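K.L.:
The structure is given below, and queries will be raised subsequently.
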Amino acid sequence: MDNRQDASESTSHPGGNPEFWRDELVRAYDHHQSLVSEKKEEVLNNMTRIFRFFCNQHSTADPKVLDVGCGPGTLSTRILDQAPDAVVVGVDVSDQMIAASNRNLVPKYGRRFSGHVSDFNSDDFWIPEIDRKYDFVVSSIALHYLSDQRRIPFFKEVLDHLKANGSFIACIANRSDVREIAEMEAFFRAEFTHQQLEKQRGPQDFGRVVTKCAEEDARANINWRSQQEYLASMRSAGFAKADIVWRLWLKSIFVATR
Ligand SMILES: C[S@@+](CC[C@H](N)C(=O)[O-])C[C@H]1O[C@@H](n2cnc3c(N)ncnc32)[C@H](O)[C@@H]1O
Numbered sequence: 216m217d218n219r220q221d222a223s224e225s226t227s228h229p230g231g232n233p234e235f236w237r238d239e240l241v242r243a244y245d246h247h248q249s250l251v252s253e254k255k256e257e258v259l260n261n262m263t264r265i266f267r268f269f270c271n272q273h274s275t276a277d278p279k280v281l282d283v284g285c286g287p288g289t290l291s292t293r294i295l296d297q298a299p300d301a302v303v304v305g306v307d308v309s310d311q312m313i314a315a316s317n318r319n320l321v322p323k324y325g326r327r328f329s330g331h332v333s334d335f336n337s338d339d340f341w342i343p344e345i346d347r348k349y350d351f352v353v354s355s356i357a358l359h360y361l362s363d364q365r366r367i368p369f370f371k372e373v374l375d376h377l378k379a380n381g382s383f384i385a386c387i388a389n390r391s392d393v394r395e396i397a398e399m400e401a402f403f404r405a406e407f408t409h410q411q412l413e414k415q416r417g418p419q420d421f422g423r424v425v426t427k428c429a430e431e432d433a434r435a436n437i438n439w440r441s442q443q444e445y446l447a448s449m450r451s452a453g454f455a456k457a458d459i460v461w462r463l464w465l466k467s468i469f470v471a472t473r
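All residue numbers for the sequence shown refer to this note's numbering, where the first residue is 216 and numbers rise by one.
What follows is the structure in structure tokens.
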């Protein structure tokens, strides 16, 4: 018996909800992430280690980096701290996130960071401010908002914007296409939020937390896709070498090169 989910239920998913990342979610971003994103520090730390590894491998002294879905500059700041000559361009669909990233990073790094508003679900994503070649395109927990229609074209565009030795490093939320395992992953995600809430506020009703998590994912309009689908899309886009280097239930770090 085939226990995979019906592919037709999610064909042509529009990808994300640009209205989601605003106001309270921007103001209380770190707190929100502490409730919903298990091992976030480990993700950021590993992505920075991978960045450093490839800098060393290719003797890249002054890396140019594009951080897609940069939010308030969470990953950009770690990269800028790691490589004193790095220049990072951040891009995000949320003008409030970009205002926060510029506020957080420009006073510290000056012209080494600039944030710009653009939507990766648009064919016009590569606005002039970001349209150049990079040593790295990175993205931390954002590309699960890619639409089905844009997934392969976007990965092709990323490849076109990488220099010869360039690397694409992305942590993407994903969900198994085996229904029972997807349910288990969703359960663990709610369990993490429940534990965090109990730590911060005392006893919580688990059923209510499960419902809240599902409601929030629905509002964010995540395009849940499997690891295999992301890897296949990267390879179809022309990344000859693509693999998963780290994973935890609902998220995986992908590394792809030409
Ligand atoms: C979970 S946050 C991650 C932020 C940051 N990279 C981090 O690791 O903390 C997801 C980010 O993706 C951005 N995003 C969602 N859809 C997008 C789109 N279509 N184009 C560009 N950015 C998008 C959101 O505005 C938000 O800042």
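Don't be surprised by glycine CBs; every beta carbon is placed ideally from N, CA and C.
None of the values given here were measured: they were computed from a predicted structure.
Hey, would you say Leu-281 sits closer than 7 Å to Tyr-349, going by beta carbons?
P.N.:
yes
K.L.:
Please list, in chain order, all residues of the same chain as Asp-346 whose beta carbon is under 8 Å from its beta carbon, the five residues on each side excluded.
P.N.:
His-376
K.L.:
Report buried or exposed for Asn-260, applying the criterion of at least 16 other Cβ atoms within 10 angstroms of its Cβ.
P.N.:
exposed
K.L.:
Could you check whether the Cβ of Tyr-324 sits closer than 6 Å to any heavy atom belonging to ligand 1?
P.N.:
no
K.L.:
In this structure, does DSSP put Asn-438 in helix, strand or coil?
P.N.:
Coil, per DSSP.
K.L.:
To which residues does DSSP link Arg-462 through a beta bridge?
P.N.:
Ser-467
K.L.:
Output the distance between the C-alpha atoms of Met-262 and Val-283, rounded to the nearest integer angstrom.
P.N.:
13 Å
K.L.:
Nearest by alpha-carbon distance to Ala-401: which of Cys-270, Leu-374 and Ala-429 is it?
P.N.:
Ala-429
K.L.:
With distances taken from CA atoms, which of Pro-229, Glu-234, Ala-471 and Pro-233 is nearest Val-353?
P.N.:
Ala-471
K.L.:
Does the stretch 387-405 come within contact of the stretch 226-236, defined as at least 3 CB pairs closer than 8 Å?
P.N.:
no
K.L.:
Alpha carbon to alpha carbon, what distance is there between Ser-274 and Arg-267?
P.N.:
Rounded to the nearest angstrom, the two C-alpha atoms are 10 Å apart.
K.L.:
Is the beta carbon of Asn-261 within less than 6 Å of some heavy atom of ligand 1?
P.N.:
no
K.L.:
What residue ranges within the stretch 403-456 form continuous alpha helix (DSSP H) runs of no fewer than 4 residues, ordered along the chain?
P.N.:
421-435 and 442-451
K.L.:
Can you tell me which of the three DSSP states Asn-232 falls into?
P.N.:
coil
K.L.:
Classify Ser-223 as helix, strand or coil using the three-state DSSP reduction.
P.N.:
Note that Ser-223 has pLDDT 44, beneath the 50 cutoff, so the model's placement of it is unreliable and no number is given.
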